[in-house]
Amino acid sequence: MMVNHQSKGGSFRDLAALMEGTPGSSTSEKMAPRRSSLSVSSGRIIIASNHLPLRVKKGSSGEWTFEWDEDALVAQAKDGLPRPQFQEVLYVGSLPVDIDLEEQEGIAIKLKDLYNCCPVYLEHSVKEKFYKGFCKQQLWPLFHYILPGSPSSSQRFNVEYWQAYVKANKSFADKIVEESATDTEFVWIHDYHLLVLPSLLRKRFNRIRAGVFLHSPFPSSEIFRTFPKREELLRSLLNADLIGFHTFDYARHFLSCCSRMLGLEHETSRGSITIDYYGRTVGIKIMPTGVNPQRYLDGFVWDEFKWRRGELQAQFQGVTVMAGVDDMDSFKGIDLKLQAFERLLEYHPEWRGKVVLVQVTNPPRSTGHDITELHAFITNLVSSINYKFGNPATNYVPVHYLERHVPLHERMAFYRCRRQALGVHQWLRVAIAAEGKEPCAGSLANLHILSIVKRNS
Numbered sequence: 001m002m003v004n005h006q007s008k009g010g011s012f013r014d015l016a017a018l019m020e021g022t023p024g025s026s027t028s029e030k031m032a033p034r035r036s037s038l039s040v041s042s043g044r045i046i047i048a049s050n051h052l053p054l055r056v057k058k059g060s061s062g063e064w065t066f067e068w069d070e071d072a073l074v075a076q077a078k079d080g081l082p083r084p085q086f087q088e089v090l091y092v093g094s095l096p097v098d099i100d101l102e103e104q105e106g107i108a109i110k111l112k113d114l115y116n117c118c119p120v121y122l123e124h125s126v127k128e129k130f131y132k133g134f135c136k137q138q139l140w141p142l143f144h145y146i147l148p149g150s151p152s153s154s155q156r157f158n159v160e161y162w163q164a165y166v167k168a169n170k171s172f173a174d175k176i177v178e179e180s181a182t183d184t185e186f187v188w189i190h191d192y193h194l195l196v197l198p199s200l201l202r203k204r205f206n207r208i209r210a211g212v213f214l215h216s217p218f219p220s221s222e223i224f225r226t227f228p229k230r231e232e233l234l235r236s237l238l239n240a241d242l243i244g245f246h247t248f249d250y251a252r253h254f255l256s257c258c259s260r261m262l263g264l265e266h267e268t269s270r271g272s273i274t275i276d277y278y279g280r281t282v283g284i285k286i287m288p289t290g291v292n293p294q295r296y297l298d299g300f301v302w303d304e305f306k307w308r309r310g311e312l313q314a315q316f317q318g319v320t321v322m323a324g325v326d327d328m329d330s331f332k333g334i335d336l337k338l339q340a341f342e343r344l345l346e347y348h349p350e351w352r353g354k355v356v357l358v359q360v361t362n363p364p365r366s367t368g369h370d371i372t373e374l375h376a377f378i379t380n381l382v383s384s385i386n387y388k389f390g391n392p393a394t395n396y397v398p399v400h401y402l403e404r405h406v407p408l409h410e411r412m413a414f415y416r417c418r419r420q421a422l423g424v425h426q427w428l429r430v431a432i433a434a435e436g437k438e439p440c441a442g443s444l445a446n447l448h449i450l451s452i453v454k455r456n457s
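Numbering (full-length UniProt numbering), first residue to last: 1 to 457.
Structure representation (structure tokens):
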């Protein structure tokens, strides 16, 4: 989880305080004797996420090469750890590529030695059903308030996908148990890919200390109750010691689900929220993510940043630059952004030749008819806007559409050149993305945010 200065130590100190029962802990005093035996002593934390914070490439000779990914959210999570308690961070996650069986052991040893990363190897069929099937086609739409509209919809519950989801989570649990030094390890679980992991770990290590942070929204009880495995997910989350959400609304929806589906009521005391679950006190925290401003300030001296900034300033000299960075996803509103920009040029011809939109689009993380259709619509819309309002005589191109990975130094260069950071807030619930806060940290100039709101009428 990316952290800003306010939450950099605060959010994680809340988690440490909850486990240790230190002064200022948000748990009730009746749990203090039990927590005293769970004090942090190993000086290590295990961060579990779907993907390891690594970039992977295969060379022409067939050799795999690995590189640390500083842009990965979990890679920056260590910046928020209280150093006196945690001297070591161990990462557990899968790789974005399939590794041959005979190479797996050697690569696992190499990754642990070089990066403190422990790969979880999943069968290709399990990985496809787990990630592209259950996570992206069922959980992701559910958490964003999208329900299946027809019996043939890919969003309808699929038993095989669910079984693959549980099997993948079991593989993560096995790896964590294998790497655990004691039965009181400190485990930080990230996002909706691993929602049944807390239950699997609690069955193996009853005294394990686990925190879960959900990077996505959590839907209202009216939406969540439509999911057949709703109780399994709720009970698994409650097997953690702390559950973190982006906003109070998401936490409130979770509490409402626990009340209406499990009959569990929460308690509040001096601003803290807790739920008693089978003799354990589970803390609920609101932990908005952010960016580390110092990382971006340090980037201003990078040679690659200076070179790219100079190149962009020459390219966009004399025009106002709007910039947006989004995933290729139906919930991000890229199509709405482009349509609004088209309307701007149509209704205000005085801006033609004076404003450009730079849209950076990350590759889609899922497949399916919806993504294919959206991709075709966006690319056609970009071509249409550039054809209608472009001017070859002056080399004016209204929309610069970049559909590729853009490294940090290049994103910072765009932020420094732009005058507006262009965002879209749909009526659909969209997860809070750290990229939305990058322009604030990536520029020392005045920031103007242009928001386009589509209300649900």
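Ideal Cβ placement from N, Cα and C applies to all residues, glycine included.
All figures in this text were calculated on a predicted structure; none of them were measured in a lab.
Member of the options whose CA lies at the smallest distance from the CA of residue i
i: residue 193; options: 136, 278, 225, 226; result: 136
i: residue 237; options: 415, 213, 263, 325; result: 213
i: residue 92; options: 123, 287, 69, 51; result: 51
i: residue 166; options: 179, 149, 130, 177; result: 130
i: residue 160; options: 132, 379, 60, 321; result: 132
i: residue 116; options: 123, 89, 95; result: 89
i: residue 275; options: 162, 68, 251; result: 251
i: residue 101; options: 87, 121, 110; result: 121
i: residue 334; options: 315, 348, 241, 362; result: 362
i: residue 341; options: 397, 318, 221; result: 397
i: residue 349; options: 103, 218, 391, 226; result: 391
Rounded straight-line distance, which links the Cα of residue j to that of residue i
i: residue 30; j: residue 138; result: Residue placement at residue 30 is poorly supported in this model, since its pLDDT is 37, which falls under 50; the coordinates are not used for a value here.
i: residue 409; j: residue 299; result: 7 Å
i: residue 270; j: residue 247; result: 18 Å
i: residue 355; j: residue 147; result: 38 Å
i: residue 426; j: residue 108; result: Any reading at residue 426 must be qualified, since the residue scores a pLDDT of 40, below 50, and its modelled position is unreliable; the value itself is stated next. C-alpha separation (whole angstroms): 42 Å.
i: residue 191; j: residue 143; result: 12 Å
i: residue 197; j: residue 125; result: 20 Å
i: residue 231; j: residue 239; result: 12 Å
i: residue 310; j: residue 416; result: 10 Å
i: residue 216; j: residue 286; result: 13 Å
i: residue 200; j: residue 312; result: 50 Å
i: residue 55; j: residue 263; result: 44 Å
i: residue 74; j: residue 53; result: 7 Å
i: residue 123; j: residue 47; result: 22 Å
i: residue 57; j: residue 95; result: 11 Å
i: residue 323; j: residue 72; result: 21 Å
i: residue 175; j: residue 118; result: 8 Å
i: residue 318; j: residue 81; result: 45 Å
Buried versus exposed call for residue i [16 or more other C-beta atoms within 10 Å across all chains shown]
i: residue 140; result: buried
i: residue 169; result: buried
i: residue 429; result: Note that residue 429 scores a pLDDT of 46, beneath 50, so its modelled location is shaky and nothing firm can be said.
i: residue 151; result: exposed
i: residue 76; result: buried
i: residue 278; result: exposed
i: residue 61; result: exposed
i: residue 162; result: buried
i: residue 59; result: exposed
i: residue 253; result: buried
Residue(s) in a DSSP beta bridge with residue i
i: residue 81; result: Paired residue(s): none; residue 81 is not in a bridge.
i: residue 211; result: 188, 242
i: residue 299; result: BP columns for residue 299 are empty, so no partner.
i: residue 64; result: 58
Neighbourhood of residue i by C-beta distance below 6 Å, restricted to the same chain and skipping five residues each side
i: residue 360; result: 325, 402, 406
i: residue 243; result: 212, 237, 284
i: residue 364; result: 328, 371
i: residue 332; result: 326
i: residue 23; result: Note on residue 23: pLDDT 30, under 50, position unreliable in the model; the coordinate value appears next. None.
Same chain, Cβ closer than 8 Å to residue i, five either side skipped, listed in chain order
i: residue 338; result: 357, 359, 378, 381, 382, 385, 399
i: residue 44; result: 86, 87, 88, 89, 90, 181, 185, 186
Chain D contact for residue i (CB, 9 Å cutoff)
i: residue 221; result: Looking for chain D here will not work: only one protein chain is present.
The ligand ZN heavy atom lying under 8 Å from the CB of residue i
i: residue 245; result: With respect to the ligand ZN, the structure shown offers nothing to examine, as it has no ligands at all.
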